[in-house]
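To start, the structure under review is shown below, and the notes come after it.
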Amino acid sequence: MSFHPLDWATHFRCIAATVTSVVLLAAPVVAQDLRSPADRPVLTVDGAISVTNVEGKAAFDMEMLQSLPEVTFRTSTVWTEGVHEFSGVPLKAVLAHLGATGATSVSARAINDYSVEIPVGSITDTAPIIAYHMDGARFSRREKGPLWVVYPFDSDEAYRSEVIYGRSIWQLDRLTVKK
Numbered sequence: 001m002s003f004h005p006l007d008w009a010t011h012f013r014c015i016a017a018t019v020t021s022v023v024l025l026a027a028p029v030v031a032q033d034l035r036s037p038a039d040r041p042v043l044t045v046d047g048a049i050s051v052t053n054v055e056g057k058a059a060f061d062m063e064m065l066q067s068l069p070e071v072t073f074r075t076s077t078v079w080t081e082g083v084h085e086f087s088g089v090p091l092k093a094v095l096a097h098l099g100a101t102g103a104t105s106v107s108a109r110a111i112n113d114y115s116v117e118i119p120v121g122s123i124t125d126t127a128p129i130i131a132y133h134m135d136g137a138r139f140s141r142r143e144k145g146p147l148w149v150v151y152p153f154d155s156d157e158a159y160r161s162e163v164i165y166g167r168s169i170w171q172l173d174r175l176t177v178k179k
């Protein structure tokens, strides 16, 4: 089958328009990987991330955090009495969800501006978690909530050190991912 030269130009424009449409249609899908918070944000992440939803940052409301993979463990802490069950999203899962490839550390900051550095190399698939439930319920600021970076202290002696205790920041509200 042969085309008149004008037909080739028309054919090429159709292909170009189709490719452009596919690219433009695909772009919103990437941008929608992290929806805007429907409720008051409880955690904001900035820095070296590729997925954002609010002015170059990623803002999460509680429902958004709870939609990510959850880890639950029982452990005692030096700040509470007895053993408690903590549930939350692994910090590693949050970083992966936001495309934080090549990150070297995460600065975690509390509502009172207390901050700690957590080396990315020390983060595992299951620890630490950003806990949003203690004993099956949300916990208030007075109870170190609504978010608390928690390690399974009782599972490994390595988690029972001053360094790890120092990284267990409560009343967490911001993370900054660093390269």
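Numbering-wise (the UniProt record's numbering), the sequence shown opens with residue 1 and increments by one. Don't be surprised by glycine CBs; every beta carbon is placed ideally from N, CA and C.
Rounded to whole angstroms, the Cβ separation of Ile111 and Asp173 is 5 Å, and the two are in contact under 8 Å. In this structure, the straight-line span from the alpha carbon of Val54 to that of Ser155 is close to 37 Å. In chain order, Val83, His84, Phe86, Val150, Tyr151, Pro152, Phe153, Asp154, Ser155 place their CB closer than 8 Å to the CB of Thr75, counting only its own chain and leaving out the 5 sequence neighbours on each side. DSSP places Lys178 inside the beta strand (DSSP E), whose first and last residues are 172-178. Excluding five sequence positions before and after Glu70, the CB atoms of its chain that fall closer than 8 Å to its own CB belong to Ser87, Gly88, Val89, given in chain order.
Taking 8 Å as the cut-off, the beta carbon of Val78 is found no closer than this to the beta carbon of Tyr159. Taking every protein chain shown into account, the CB of Val177 has 16 or more other CB atoms within 10 angstroms, so this residue is buried. Restricted to the region 29-117, the beta strand (DSSP E) segments that are unbroken, complete and at least 3 residues in length are 43-47, 58-60, 71-76, 83-90, 105-110, listed in chain order. Closest in C-alpha terms to Gln66, from the list Asp39, Thr52, Gly99, Lys144, comes Asp39.
In this structure, the CA atom of Gly47 is about 10 Å from the CA atom of Leu98. Just so you know, the alpha carbons of Pro41 and Asp113 end up roughly 17 Å apart.
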